[in-house]
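One line per chain: the protein sequences are Z and R, in this order.
For the first sequence, numbering that gives the first Met the number 0 begins at 0 and goes up steadily by one.
For the second sequence, numbering that gives the first Met the number 0 begins at 0 and goes up steadily by one.
Protein chains: 2
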Amino acid sequence: MVKLTVLYTKPSNPQEFDRYYKEVHTPLASKLPGLKKMEIAKVLGSPFGESDYHLIANLYFDNLDNLKSAMSSDEGKVTAKDLKNFTDSPVQMMICEIN
Amino acid sequence: MVKLTVLYTKPSNPQEFDRYYKEVHTPLASKLPGLKKMEIAKVLGSPFGESDYHLIANLYFDNLDNLKSAMSSDEGKVTAKDLKNFTDSPVQMMICEIN
Chain Z
0 MVKLTVLYTK
10 PSNPQEFDRY
20 YKEVHTPLAS
30 KLPGLKKMEI
40 AKVLGSPFGE
50 SDYHLIANLY
60 FDNLDNLKSA
70 MSSDEGKVTA
80 KDLKNFTDSP
90 VQMMICEIN
Chain R
0 MVKLTVLYTK
10 PSNPQEFDRY
20 YKEVHTPLAS
30 KLPGLKKMEI
40 AKVLGSPFGE
50 SDYHLIANLY
60 FDNLDNLKSA
70 MSSDEGKVTA
80 KDLKNFTDSP
90 VQMMICEIN
């Protein structure tokens, strides 16, 4: 199994970010072909205090081919294009293989 | 449910990192009291090329109290102290609440 991990840094307006993420972005991402599971985690902090991050999303796929197909699909393009509508700082993405 | 997300940046010696992580660090972390699930993911790259990260670990607990208790337990202290034995760059940790 593989996953796409998306790290969102703290937005300037967390309330508006959360609203948009829930109402618009999550429904778009849910339509990705081959998506097996989506885990959305709110960052509460770090063990040492504040964290630079606000949200971490993990999108699971059966294999790397399926993940890549999802990202290059029409749904993937729409989801990626939507990022700029609610983020005002860089978004980090990692493609991971689960051991 | 909550989780501790640990981001490891690329080590200078990935092979030795992987060996130590599997043979020593994972068995230590597995003993954390209250640990429900551990997911270890190898970073293959980013959708845009190379990633700064090498590995992402997610350690799941039933709730925030259990996570904090695990971190302050003897096993937690041993696991945290072990980080310096195989990492040569900063390790980022986030405490997250799963929505």
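All C-beta atoms, glycine included, are put in the ideal place defined by N, C-alpha and C.
On a predicted model such as this, the values are computed, not experimentally measured, just so you know.
Under the three-state reduction of DSSP, Z/M70 is assigned to helix. Contact between the region 21-37 of chain Z and the region 54-74 of chain Z is present: three or more C-beta pairs spanning the two stretches fall below 8 angstroms. In this structure, Z/Y7 lies near Z/V90, with their beta-carbon atoms less than 7 angstroms apart. Around the beta carbon of R/F47, fewer than 16 other beta carbons lie within 10 angstroms, which makes this residue exposed.
Distance from R/V1 to R/L63 at the Cβ level is roughly 5 angstroms; contact confirmed, criterion being Cβ atoms closer than 8 angstroms. The region 9-26 of chain R and the region 64-72 of chain R do not touch, with fewer than 3 CB-CB distances between them shorter than 8 angstroms. Legend: CB atoms of the region 44-63 of chain Z lying less than 9 angstroms from CB atoms of chain R belong to residues G44, S45, P46, F47, S50, D51, Y52, L54, I55, N57 and L63.
With respect to the C-alpha of Z/L3, the residue from Z/F16, Z/Y20 and Z/L31 having the closest C-alpha is Z/L31. Taking CB atoms only, Z/K30 has no neighbour in chain R less than 7 angstroms away. Assignment of R/N57 by DSSP, reduced to helix, strand and coil, places it in the strand class.
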